[in-house]
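Chemist: One structure is given below, represented as structure tokens, and several questions about it will come after.
2 protein chains.
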Amino acid sequence: QMPRGNLETIHHRALVLAQLRKWLDSLKFRDAFECMRKLRINLNFIYDHNPKAFLENIETFIKQLSSINHINLFLTELKEEDTTGSMYPRSESSPVQPQPASKQKKVDVVCDALRSVMESMDPNKFCLSILTAHVKKTVPELEIALQKVHELRENPPKAPGAVSAEEALKYLLFLVNVNDLYDYSLGTYDFDLVLMVAEKSQKDPKEYLPFLNMLKSLEPNYQRYTIDKHLKRYRKALHHLSKCGEEHFPEALQLVKEQKLYSEALRLYSADSAHYKTLSCAYAEHLVEQQQAEQAGLLLWRCGEPARALQAFATSSSWRNAICVAQQIPLPPDQLALLARDLAEKLNEQRRYSEAALLLDQYAKDCEEAILALITGASWEEALRLIYMHNRQDITETNLKPAILEAVNTQTSFLEAQVGTFTRHKTRLAVVREQKEKARLDMLDEDGPDCADAELYSEASSVMTNSKYSHSNSRISSRSSKNRRKAERKKLSLKEGSPMEDRALMFALAEIITTVDKMREEVHNLLKVLVLFQFDKQAEKLQLTYDEALQMMEAAVPEVWPEGLQTSQAPLTGPNSTANSIMASFQQQQRPAASQQDAEVPTAPKMRNGVKWKLSVLK
Amino acid sequence: QMPRGNLETIHHRALVLAQLRKWLDSLKFRDAFECMRKLRINLNFIYDHNPKAFLENIETFIKQLSSINHINLFLTELKEEDTTGSMYPRSESSPVQPQPASKQKKVDVVCDALRSVMESMDPNKFCLSILTAHVKKTVPELEIALQKVHELRENPPKAPGAVSAEEALKYLLFLVNVNDLYDYSLGTYDFDLVLMVAEKSQKDPKEYLPFLNMLKSLEPNYQRYTIDKHLKRYRKALHHLSKCGEEHFPEALQLVKEQKLYSEALRLYSADSAHYKTLSCAYAEHLVEQQQAEQAGLLLWRCGEPARALQAFATSSSWRNAICVAQQIPLPPDQLALLARDLAEKLNEQRRYSEAALLLDQYAKDCEEAILALITGASWEEALRLIYMHNRQDITETNLKPAILEAVNTQTSFLEAQVGTFTRHKTRLAVVREQKEKARLDMLDEDGPDCADAELYSEASSVMTNSKYSHSNSRISSRSSKNRRKAERKKLSLKEGSPMEDRALMFALAEIITTVDKMREEVHNLLKVLVLFQFDKQAEKLQLTYDEALQMMEAAVPEVWPEGLQTSQAPLTGPNSTANSIMASFQQQQRPAASQQDAEVPTAPKMRNGVKWKLSVLK
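Residue numbers (my numbering), protein chains in the order written: chain A, 78 to 696; chain B, 78 to 696.
Dropping the structure here:
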């Protein structure tokens, strides 16, 4: 920011800024501007210092600067960044200026505000600055700028000293790349404008004139389509092509497929037209390729292609829609039954047993298979409902009861295994924590509170080990924090002695709690059906096992996730402490807290104690 | 622990403990015991110092103590508490003794171990100590002790110096309240034993003899029942009463009802007996009173009372069971339809529309009502399935489409309202946090790092305000921490300026996120059916609104729940810091971390980004 090699002009920046603030506060924009230009201070500061005051006094600003060049300089230097945040921070005492809450970008706000004031003051005088304001917007308004130039040419202003179309175009070409400007002029579909730009450019008339003449010969919509396509504005191209009549539809379809403009295309044709159907089918094909067969089915169904819709729905296991379409066609009963069976098979594979059962029962008319699906899915009450509905109590004895007894055994041993693993992990966690705490204290003991030394022992505890990751993070900061967390978690290993074994154990423990807690509904339903069939002993054992498991895990939560995990270690103080020693011990605690969050310390899972699952008839 | 008023005998405890440890380590139990008795050191220390070594050397211990009185003294002084943890902490250097992992209580372990060794050494000599070991267990084994006394009386030991039954009983009466012992002797159903105890007691024979004689006259099971009931051992009483034959069943039923021993009673009668049925009905009545009608239904159904079971199932909206029972009875078709209608009505009230629809469709044979229930429940695809199944496409136009359009309007405006509230809360949270941070800095500025003074400003920030609650917690520590948390949360208020407004805002924000995130499935289903019926515009608006809402909330999470919320404030250090000033600023940060957990800082809700809800056919 400082001019180089010219010692006389070095000023103390703080003093300069103080002076600038005074000037800006008293609306002495010219003084401020001159000074800033001389000392190469970023001109954005004029706005950033007090956006509200600036916006309210734009006319003063323009009058004081008076020079078109100065205004253009200010406009071209505009950047989104707030200079009072980074380059020229405000002093502590000065109040923070409330930022305008609007979502509009700063550059756009300033450009629009200046332009509108200049237009009301004297559009001729400020012509070039107005053009600059259009071009400098975050999305440059080149077409409007070009239109204004065109306007100058059509109606040259009479005012003395007014800018000519020629001058204006020259200035635009100085601001914008000529090829861009040519494309933009094409995009206005205004051939006068195109020619005007083309003439000013270095382009060879032998090249552009034939092209322009060819365009001129086309039907207006097809002409615009051709220009849009040339400029790769495919949406607009499609829009114009759709107005070109029947014979151009194949071309439109081609464009839609090439540029995947299906949604846009559907909007351009009426829903009952043949084209709409053709487009829907094309879109559906594309969606099926994208694994979106269900949405494909919806499009096909609504455009009157039930057979193809059925195919798409069946592919995506969207069985309700499939059945509806099949009945609309209508499929003959035997084929409907076959369809239902096929769908049910898929649903069974996806463990969606209740849905499979509905299909088998109501459409395949096979209540036996339906009941078996429900039994496989442990939907005991629903199985019983179908058994009674179809008067098939024999299945209760042959299938339902044996399945229930198998389920209670499976559940009970599963729970015992979970409790075993949980206890093992919990015990190991206590050991690991004790070792780490010991290592931490040893380290502090041996080396005193010297931070630099302590760092060398970074392998001694996960606390320190983690700082390793924080370092490496700065190197790979481009990775999103989410990816980083995933990567961190992958590094966790349950292997004994692995650097973050404690955290891996906490994850494993949390997972077991969540799994076991999720079983409440399933256990409840199993207990009820066990009681119904007089299997009280098995039910009691399951209830006891599950109750003990839940209680054990709930009791373990405060131990595995102690309150204030991050703050449990008080700083080491005592008669011999110094400010430095306390800070050192404090920093050692800060680090784990911060880096534990880096690697995502698993939080204690919430148990759904509100879900009542126990039967009071069992003791 | 120190003897009072006798200065000569005061010893430095640390020295004494060191000496005791040496003695115990070298198994010099007698030296240790004598010294401890003299200096009134808790005798538990003999075991606690090294439980494993003690248990392995019990015989040495007993031999060295040799005196029955000393052994009894040791036994009677046993307490569950570990004296090495509290009273006589081990020195830093000595390794922690691994605790035996068994779940058994320490007192029981020691009693059982001593008793078993004494029994193997000389049951006669150690008779009184053995009795002590029985009586001192956490659940005193008075009956076994009494049996041993009885044994002494039946077979007086021949060994010289052996304890007589008389002496043993006297000793027991010294250890245990005479009335307790009398009751326990009654509980053995051994009248000899009862008489023996009664004679030793101060009881009036005119009182107890008639009672005993009455008992003797009874049939054995009824006798035991009478004794059990007298001792309020109702379970045992029921057990004996159940063996007394038919004529006593009403008495048993009475007992079951009075003492609510239903589960136990059912176990005592075979499932196909009339009594079992009677008991089941009684139990069911009780369960219905306890709002457990479904379980009542299960008991009634399985014992062969389908009509009453149906009633119970209907009461508890256990509709699948109700329908099964109804078909088993079997209810005539018109009554079954009526039942289905009643159940469906209840389910509709509970917003269980799909279940209601199933009943209406399959049992009440009213597909129209079924479809309407599904439409009310926003189960669009299932509604459509029934429409096609029953060929009622007219309902699509009259009800389904209008409902879908209403739903999309409701959802869109609901989302807009949620987004509005969310933004308002978030903005306010930023303001509150800034104010609190400012108050905190002001406080430190004005008063420096003096902790006592800073405490006076406790109202300035929630940080400090919370310490108020921590204080009060110590006064009401009897409340469970769960209740406390609930109470804490109640104190949160969204009112501007309320002391924990920031936390209340965080709770409110978390709730909105959870609510909105939960809508993924519902929005997805609504979008699909909107597309099917060509309501693309409405679908697009909903998709856009929902997408923006989710993105806005996800983006807000790091702002509302900044990483390291607890550790964001570094301790205030600088050239003028002192050890005290750093500690003071550190403590101020420690407190919020701890007390925020007290009042449960709402954690950032997890958003289910894995649930894909967007339709790619909508833009």
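Idealized CB from N, CA, C, for every residue including glycine.
1) Taking the alpha helix (DSSP H) that B:Thr-592 falls in, what are its first and last residues?
2) Which parts of the stretch 124–205 of chain A are runs of the beta strand (DSSP E), unbroken and 3 residues or longer, counting only runs that do not cross its ends?
3) Can you find a CB in chain B that lies within less than 8 Å of the CB of A:Ser-241?
4) Quick check: is the beta carbon of A:Ser-294 nearer than 8 Å to any beta carbon in chain B?
5) Give me the chain A residues within the contact set of B:Glu-458, using Cβ-Cβ distance strictly less than 7 Å, ordered along the chain.
6) By the 9 Å beta-carbon criterion, what residues does the stretch 455–489 of chain B contribute toward chain A?
7) State the Cα-Cα distance for the pair A:Pro-648 and A:Glu-636, rounded to the nearest angstrom.
8) Mark A:Met-195 as exposed unless 16 or more other C-beta atoms lie within 10 angstroms of its C-beta, in which case mark it buried.
9) Does the beta carbon of A:Gln-404 come closer than 8 Å to any beta carbon on chain B?
10) Roughly how far, in whole angstroms, is the beta-carbon of A:Ala-433 from the beta-carbon of A:Ala-421, given that I think they are within contact range, below 8 Å?
11) At a CB-CB cut-off below 7 Å, which residues of chain B make contact with A:Ala-348?
12) Nearest chain B C-beta to A:Lys-595 closer than 8 Å, yes or no?
13) Residues in the stretch 320–354 of chain B with C-beta within 9 Å of chain A's C-beta atoms, listed in sequence order?
14) Check the Cβ of A:Ser-693 against every Cβ in chain B and list those closer than 8 Å, keeping chain order.
15) Any beta-carbon of chain B closer than 8 Å to the one on A:Trp-378?
16) Exposed or buried, which one is B:Asp-305 when buried takes at least 16 other CB atoms within 10 Å?
17) In the DSSP assignment, find the unbroken alpha helix (DSSP H) run with B:Asp-102 in it and report its ends.
18) Tell me which residues of the stretch 188–220 of chain B have at least one Cβ-Cβ distance to chain C shorter than 8 Å, keeping chain order.
19) Please state the DSSP three-state secondary structure of A:His-352.
20) Any idea what DSSP makes of A:Trp-457, helix, strand or coil?
21) What residues from the stretch 580–609 of chain A come within 8 Å of chain B, judged by C-beta to C-beta, listed N to C?
22) Can you pull the chain A neighbours of B:Cys-705, defined as C-beta to C-beta under 9 Å?
23) If we ignore side chains and look at the alpha-carbon of each, how far apart do B:Val-608 and B:Lys-696 end up?
24) Helix or strand or just coil, what does DSSP make of B:Cys-358?
25) Examine the Cβ distances between the stretch 294–303 of chain A and the stretch 248–257 of chain A and report whether three or more of them are shorter than 8 Å.
26) Nearest to A:Gly-497 by alpha carbon, out of A:Leu-477, A:Gln-369, A:Thr-622, A:Glu-154?
27) Measuring CB to CB, does B:Met-684 end up less than 8 Å from B:Glu-631?
28) Does B:Trp-638 come out as helix, strand or coil in the three-state DSSP assignment?
29) Can you tell me the Cα-Cα spacing of B:Gly-374 and B:Leu-387, whole angstroms?
30) Does A:Phe-612 pass the burial test, meaning 16 or more other C-beta atoms within 10 Å, or should it be called exposed?
31) With a threshold of 16 other CB atoms inside 10 Å of the CB of A:Lys-183, please say whether the residue is buried or exposed.
32) Identify whether A:Lys-696 lies in helix, strand or coil by the three-state DSSP scheme.
33) Going along chain B in order, which residues have a C-beta closer than 8 Å to the C-beta of A:Thr-37?
34) Taking 8 Å as the CB-CB cut-off, is B:Met-684 touching chain A?
35) Determine, for B:Lys-423, whether the minimum Cβ-Cβ distance to residues of chain A falls below 8 Å.
36) In chain order, what residues of the same chain have a beta carbon less than 8 Å from the beta carbon of B:Thr-680, not counting five sequence neighbours either side?
Modeler: To lay it out plainly:
1) Per DSSP, the unbroken alpha helix (DSSP H) holding B:Thr-592 starts and ends at 578–594.
2) For the stretch 124–205 of chain A, not one full-length beta strand (DSSP E) segment reaches 3 residues or more.
3) No, A:Ser-241 lies away from the interface with chain B (no Cβ there is under 8 Å from its Cβ).
4) Not one chain B Cβ lies under 8 Å of A:Ser-294.
5) In chain order: Arg-397, Asn-398.
6) For the stretch 455–489 of chain B, the residues whose beta carbon sits under 9 Å from a beta carbon of chain A are, in order, Glu-458, Glu-459, Leu-461, Arg-462, Ile-464, Tyr-465, Met-466, Asn-468, Gln-470.
7) Model confidence at A:Pro-648 stands at a pLDDT of 41, short of 50, so the residue's coordinates are unreliable; what they give is reported in the following sentence. Rounded to the nearest whole angstrom, the CA to CA distance from A:Pro-648 to A:Glu-636 is 22 Å.
8) Classification for A:Met-195: buried.
9) Yes, A:Gln-404 counts as interfacial toward chain B.
10) Approximately 4 Å separates the beta-carbon atoms of A:Ala-433 and A:Ala-421; this is inside 8 Å, confirming the contact.
11) Per Cβ cutoff of 7 Å: Gln-611.
12) Closer than 8 Å to the CB of A:Lys-595 there is not a single CB belonging to chain B.
13) Here the close residues are Tyr-339, Ser-340, Glu-341, Leu-343, Arg-344, Ala-348.
14) Within chain B, the residues Leu-364, Gln-367, Gln-369, Gln-372 have their CB atoms less than 8 Å from the CB of A:Ser-693, given in chain order.
15) Taking Cβ atoms only, chain B reaches closer than 8 Å to A:Trp-378, which makes this a yes.
16) Buried, because 16 or more other Cβ atoms sit within 10 Å of the Cβ of B:Asp-305.
17) Counted as a single uninterrupted DSSP element, the alpha helix (DSSP H) harbouring B:Asp-102 occupies residues 90–102.
18) Reference to chain C is not applicable here, since the protein chains of this structure are A and B.
19) Look at A:His-352 here: in three-state DSSP terms it is helix.
20) Reduced to three states, the DSSP call for A:Trp-457 is helix.
21) Listed in chain order, the positions of the stretch 580–609 of chain A with a beta carbon within less than 8 Å of a beta carbon of chain B are Lys-605, Val-608, Leu-609.
22) Beyond the ends of chain B as shown, which are 78 and 696, falls residue 705 of chain B; an answer cannot be given.
23) Approximately 12 Å between the Cα atoms of the pair.
24) If DSSP states are grouped into helix, strand and coil, B:Cys-358 belongs with the helices.
25) Short answer: they don't touch.
26) Looking at the Cα atoms, A:Thr-622 is the closest of the given residues.
27) Yes, Cβ-Cβ distance for B:Met-684 and B:Glu-631 is below 8 Å.
28) It is coil, neither helix nor strand.
29) One Cα belongs to B:Gly-374, the other to B:Leu-387, and the distance between them is close to 7 Å.
30) Around the beta carbon of A:Phe-612, a 10 Å sphere encloses 16 or more other beta carbons of the protein chains shown; the residue is thus reported as buried.
31) Classification of A:Lys-183: buried, given that the 10 Å Cβ count is 16 or more.
32) It is coil, neither helix nor strand.
33) Only positions 78 to 696 of chain A appear in the structure, and residue 37 of chain A is not among them; the question remains open.
34) With 8 Å as the cut-off, B:Met-684 does not count as an interface residue toward chain A.
35) No, its Cβ sits nowhere closer than 8 Å to a Cβ of chain A.
36) Cβ within range, chain order: Ala-587, Trp-638.
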